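A short write-up of the structure that comes next.
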Amino acid sequence: MEVQQDLKNLKFNVYIQCITRHHIHQRPATSFATQCEMAYQMAYWTAYQMAYRARMALLTDIKARSITPGSAALPHGGVTGLSLLPSRTRKGQGKWVLRYVSPITGKRRNAGLGSYPHVGVALAGKLARAMRDEIALGQDPLAIKETPGAAPVMPSFQQAAEQVHAELKPGWKNAKHAQQWINTLTEYVFPKIGSLPMDQLQPRHMADVLRPIWLEKAETASRVKQRLHAVMAWGWAHGFNQANPVDVVTHLLPVQPSKTVRQEHQPAMPWADIPAFVKARLVDATELDVTKRALLFLILTAARSGEVRAMTWEEVNFRNKVWIVPADRMKASQTHRVPLSEQALTLLQKQIGKHDQLVFPSIQARTILSDMTLTALLRRLKAHSDNEKRIATAHGFRSSFRDWCSEKGYARDLAERALAHTVKNKVEAAYHRTDLLEQRRPMMQAWADFVLPSTA
C-alpha cells in the first residue's frame, strides 16, 4: 500500500516536471507525451528497485536478538523510518522508534513503539504501519496520543480483574464458580498487586502472588495462575500491557509435583463396611430426618450430592421405576436415567407429601438442602473412611460403589454408566448409543440388597 502510493505520487511529480520543462524550453508538442512517459518509466523502475531492496532487507528476529550496546540502529525494512535502537547495557534488547515528518507542523518527530523483545518485529511493523496510515491522512500520531481524553485510562489490576469477571460471568452456567473466580483473586491477588497499574506488572509480581501457595496449595495456585493469565490477556488485547507476564512466571517458581502425585481422592468408606453403617446409623431415620434419608438414597443410587439434594418429584417415574435427572443438573450436561431399586422406591414413598416439588427439602428453610448438610451429618455420625485422618464424604460412596462393582465382576461399562461418567476416548464414545438402563437395573438392585437387605 505504502509503495503503491509513493509510485502514484512519483508519476504526478514527473509529469509536473515535464510540463515545466516544456513551457520553459518551448519544445515541440508532439514530443511532450513521449518525453513524460520515458521520464516516468525511468523514475518508476528506479523507485521499484529501491522498494524491492528495502523489502529484501526486512529485519528478522534472529538479527534483532543479536543487536549489541553501542551498535548502529537496525532498520525494520518493512516500514519507512522504523528502526530498532540498541539498549545501552544489554545485548538483544532495544526500543522501537518511528521517525517521520509531522504533516501538521512539518517538523521531524520520533514516536516510541515499545521495547524489544516485548514488542516483536512483526508487532512493531503493525503498529508503525497504523501510524503511517494516520500520517497519510494528514494526522500526527503523537499529537493524537497527546490529546487529553484520547487515550484510555490505565486500570489497576483489580479494576481490570473486576471488568473481566463481569464480561465472563454471563457465559458461566454455575453461579458458584463465578463467585469462586473473583473470590480467589480477592483473597490471594488483590492484597499484593491489586492497586498496581496494568502496564507496570512484571513476571516477578506474578511470582510473588503465587509463591506462598505454589507448593502447599498446588490446585488453588493453578487456578489463580489461570485467572491471572486471563486478566493480563485481557489487558494485552486492550493495549494496556505489551506482554503477558504469566507466560514466563513458572521460570521463577519451583517445579510443582505432578497432578497425579498431588491429587487427593475423596475419602470413601470401604464398601464392605457400608451395610453395617447403614443399619446402625441410617435406617432409624424419623419423619424429620430428611438428611439421613437423602444420604441413604444417595448411597442406594450412587448419585452425586447435588443431584440428590435438588431432586424433584417431576423427575421420578414410579410406574417405570426410573429417576430421570435432566441435563442441566448433570456434571456432563447430559440427561441421566437411574433405575430405582425396591429399597429406593420405598424410601421415596416415605417422602411423599413433604414438599410440592422437592423430594428431600430442608425442613426449616423449605428449600434445597445445603451442600454442607450431608458433610455435617457424616461428621456427626463419625463415618469412617479409608483415610484414618478424615471422615468419609458423600461423594466417596460413589467410589465405594465402583469398588463393589469390580469385586462382584460387573462389566466396567455398566459401572461407568451407573456413575454417569463421560467416555474420554472418542472412538469408544462413538459406539455409546444407549445408556444400558435395563442392563443396569439388576446391578443396582443387587447393590441395594447388599447395602440394605430386605430383612433389615
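Numbering-wise, our numbering comes out as the position in the sequence shown, counting from 1, plus 11.
C-beta: ideal position from N, C-alpha, C; glycine also.
Fair warning: this is a prediction, and the values are worked out from it, not measured in the lab.
Inside the segment 284-314, DSSP marks whole alpha helix (DSSP H) runs of 4 or more residues at positions 285-292 and 301-312, from first to last along the chain. About 19 angstroms separates the CB atoms of L226 and H216; that is not less than 8 angstroms, and the two are not in contact. DSSP assignment within the segment 223-278 yields the following whole alpha helix (DSSP H) runs of 4 residues or more, N-terminal first: 229-248 and 270-273.
When Cβ pairs closer than 8 angstroms are counted between the two stretches, the segment 67-79 is seen to touch the segment 97-106, the count reaching three or more.
For I335, the uninterrupted beta strand (DSSP E) segment begins and ends at V333 to V336.
By the Cβ-count criterion, Q345 is exposed, with fewer than 16 other Cβ atoms from all chains shown falling within 10 Å of its own Cβ. The straight-line gap separating the alpha-carbon atoms of K419 and P453 is approximately 13 angstroms. Per DSSP, reduced to three states, the secondary structure at V130 is coil, with no helix or strand assignment. For K400, the three-state secondary structure derived from DSSP is coil. Taking C-alpha positions only, R234 is separated from Y111 by approximately 46 angstroms. Shown here, N185 sits in coil according to DSSP, grouped into three states, outside any helix or strand. Here the segment 173-187 does not lie against the segment 141-148, with fewer than 3 beta-carbon pairs under 8 angstroms apart. In the same chain as L356, and ignoring 5 residues on each side of it, the C-beta atoms closer than 8 angstroms to its own belong to F329 and K332, in chain order.
Note on geometry: alpha-carbon atoms of S94 and P86 lie some 4 angstroms from one another. Across the structure, Q170 and H347 are spaced so that their CA atoms are roughly 41 angstroms apart.
Under a 10 Å Cβ-count criterion, N252 is classified as buried, with 16 or more other Cβ atoms of the shown protein chains found around its own Cβ. Residue range F168 to L179 is occupied by the alpha helix (DSSP H) that includes H176.
By the C-beta density criterion, K303 is buried, having at least 16 other C-beta atoms within 10 angstroms.
If you look at S94, you'll find it in the beta strand (DSSP E) that goes L93 to P97. According to the DSSP assignment, W107 belongs to the beta strand (DSSP E) that extends over G105 to V112. Counting other Cβ atoms within 10 Å of its Cβ, R390 stays below 16 and is therefore classed as exposed. Annotation for A135: W107 and L124 place their beta carbon closer than 6 angstroms to its own, counting only its chain and skipping 5 residues before and after. Within the same chain, Cβ atoms closer than 7 angstroms to the Cβ of S396 are found at P278, A279, M280, I402, A403 and G407, the five residues on either side in sequence being excluded. In this structure M243 is not in contact with P223, their Cβ atoms being roughly 19 angstroms apart against a cut-off of 8 angstroms.
In the structure shown, the three-state DSSP call for G317 is helix.
The alpha-carbon of L109 is positioned some 7 angstroms away from that of A139. In this structure, Q456 sits near E353, with a CB-CB distance shorter than 8 angstroms. Beta-bridge partners assigned by DSSP to T323: L369.
Distance between A154 and T116, taken at the CA atoms: about 10 angstroms.
Taking the Cα of S126 as reference, the smallest distance to any Cα among G105, M142, R120 and A133 is reached at G105. Around the CB of A122, 16 or more other CB atoms lie within 10 Å, so the residue is classed as buried. For V349, the uninterrupted beta strand (DSSP E) segment begins and ends at H347 to P350. Under the 10 Å beta carbon count, E178 is surrounded by fewer than 16 other beta carbons and is classified as exposed. With contacts defined as CB atoms closer than 8 angstroms, L380 and A314 fail to qualify as a contacting pair.
Inclusion of M165 and P152 in the CB contact set at 8 angstroms is not warranted, their separation being larger than that value. In the displayed model, R101 falls within coil according to three-state DSSP, outside both helix and strand.
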